[in-house]
Amino acid sequence: MRRYTFITALACLIVLSLSGSLLAQPEVPYLSGHVNDNADLLTTAVEQDLEARLSAYEDSTTNQIAILTIQSLEGYSIEEYSIRVAETWKLGQKDVDNGALLVISKDDRKLRIEVGYGLEASLTDATTSYIINSVIVPHFKDGDYEGGIVAGASAIVQAADGNLDTSSADAGMEPLGVFLFILIFGGVVSIFTALGLFSPGCMGWFLYAFLALFYAAMGAVLSDISPILGIGLFVVYIVGYPILKIMIGKSEWGKNLQKKMKSGSRGGLFIGSTSGWSSGSGGFSSGGFSSFSGGGGSFGGGGSSGSW
Numbered sequence: 069m070r071r072y073t074f075i076t077a078l079a080c081l082i083v084l085s086l087s088g089s090l091l092a093q094p095e096v097p098y099l100s101g102h103v104n105d106n107a108d109l110l111t112t113a114v115e116q117d118l119e120a121r122l123s124a125y126e127d128s129t130t131n132q133i134a135i136l137t138i139q140s141l142e143g144y145s146i147e148e149y150s151i152r153v154a155e156t157w158k159l160g161q162k163d164v165d166n167g168a169l170l171v172i173s174k175d176d177r178k179l180r181i182e183v184g185y186g187l188e189a190s191l192t193d194a195t196t197s198y199i200i201n202s203v204i205v206p207h208f209k210d211g212d213y214e215g216g217i218v219a220g221a222s223a224i225v226q227a228a229d230g231n232l233d234t235s236s237a238d239a240g241m242e243p244l245g246v247f248l249f250i251l252i253f254g255g256v257v258s259i260f261t262a263l264g265l266f267s268p269g270c271m272g273w274f275l276y277a278f279l280a281l282f283y284a285a286m287g288a289v290l291s292d293i294s295p296i297l298g299i300g301l302f303v304v305y306i307v308g309y310p311i312l313k314i315m316i317g318k319s320e321w322g323k324n325l326q327k328k329m330k331s332g333s334r335g336g337l338f339i340g341s342t343s344g345w346s347s348g349s350g351g352f353s354s355g356g357f358s359s360f361s362g363g364g365g366s367f368g369g370g371g372s373s374g375s376w
């Protein structure tokens, strides 16, 4: 009897724990229209205007775009919740999959654009990331939820039609990308350049020829900013390296340094460094619109997430 009582109690405990975890999940709300403002971020007038715009857009294109605001994700990730909503609502037309969903969680300060298969060509991950970070989030950071949602919906519509201009974002990122390239790539090349200048014998001249390829690559990148700067860097290296190497080889301090490097190499200095890199590599190798409904569209996880 005690055995059956124990088994029954254990079964009840498992059921209660499972049901508790299910109850903890934020529910997928009823799809009442294109705009589902459950977190009350929009005034009635703005909500009705946005609903009318998205409804008219669907009538003219069949693209189905919906907005959902919630109070909290209750510990779940925005990605997990948004795909569950998209799959439940089935936004977009069946076999066309031209639906998109903007989900906003107020308390978590997170948002995501979920994109149906049919719109992934125009609403790419890069485009949805731009809409979130450059269009919506700036409004949200200022506390302007209405402005961010309206601007975001408009940008999603433009992107779905192929009319969204993201060149300002690309132009803003390009100097940063060039700077990082020069900082990292140029720093590594500079170290090997110094090594080549002070290396005795043929090794220094081998590095001179080898590094010319990398200086040519850096020159090509800099040419996008200034052709003179790009060409100048390469010419300075080609001409300046031999001159500096000869001058260093003739100077007393240069000769002493080259002797130390040569003796260090014989003593295993560079061999030890190489084995250190090898052991590191080995370590890595081991380790209100009640008639509204979705049209049967499918989603595959395309889109982007963000926060403010």
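In this note's numbering, the protein residues as written are 69 to 376. Glycine is no exception: its CB is placed at the ideal position from the N, C-alpha and C atoms. What you are looking at is a predicted structure, and each value in this text was computed from that prediction instead of being measured.
- Assignment of A221 by DSSP, reduced to helix, strand and coil, places it in the helix class.
- Taking all protein chains in view, the Cβ of F274 is surrounded by fewer than 16 other Cβ atoms within 10 Å, so the residue is classified as exposed.
- Look at R177 here: in three-state DSSP terms it is coil, with no helix or strand label.
- Secondary structure within the region 94 to 173: the beta strand (DSSP E) runs of 3 or more consecutive residues, fully enclosed, are 103 to 105, 132 to 138 and 167 to 173 (chain order).
- Leaving aside the five residues that flank Y125 on each side, the residues in its chain whose CB is nearer than 6 angstroms to its CB run, in chain order, V225.
- S375 places its beta carbon 9 angstroms or farther from that of E147.
- In the DSSP assignment, Y185 falls outside any alpha helix (DSSP H), carrying neither H nor E.
- DSSP places D193 in the uninterrupted alpha helix (DSSP H) bounded by D193 to Y198.
- A distance below 6 angstroms between beta-carbons, with the five flanking residues on each side excluded, links I172 to the following residues of its chain, in chain order: T137 and L179.
- Excluding residues up to 5 positions away in sequence, L265 and G272 lie with their Cβ nearer than 7 angstroms to the Cβ of K313 in the same chain.
- In terms of Cβ geometry, A168 and G184 form a close pair [threshold 9 angstroms].
- F260 has its alpha-carbon roughly 47 angstroms from the corresponding atom of N231.
- Burial is judged here by how many other beta carbons sit within 10 angstroms of a residue's own beta carbon; D165 has at least 16 and is buried.
- Contact annotation: E182 and G370 have beta-carbon atoms nearer than 9 angstroms.
- In this chain, L232 is not harboured by any alpha helix (DSSP H), its DSSP state being neither H nor E.
- Taking C-beta atoms under 8 angstroms as the contact rule, V205 and A219 fail to qualify, at a distance of about 10 angstroms.
- In this structure, the beta-carbon distance from F302 to E155 does not fall below 9 angstroms.
- Judged by DSSP in its simplified three-state form, S202 adopts helix.
- Assignment of S258 by DSSP, reduced to helix, strand and coil, places it in the helix class.
- As computed with DSSP, G264 is found in no beta bridge at all.
- Judged by beta-carbon spacing, A221 lies within the 9 angstroms limit of L118, meaning their Cβ atoms are closer than that value.
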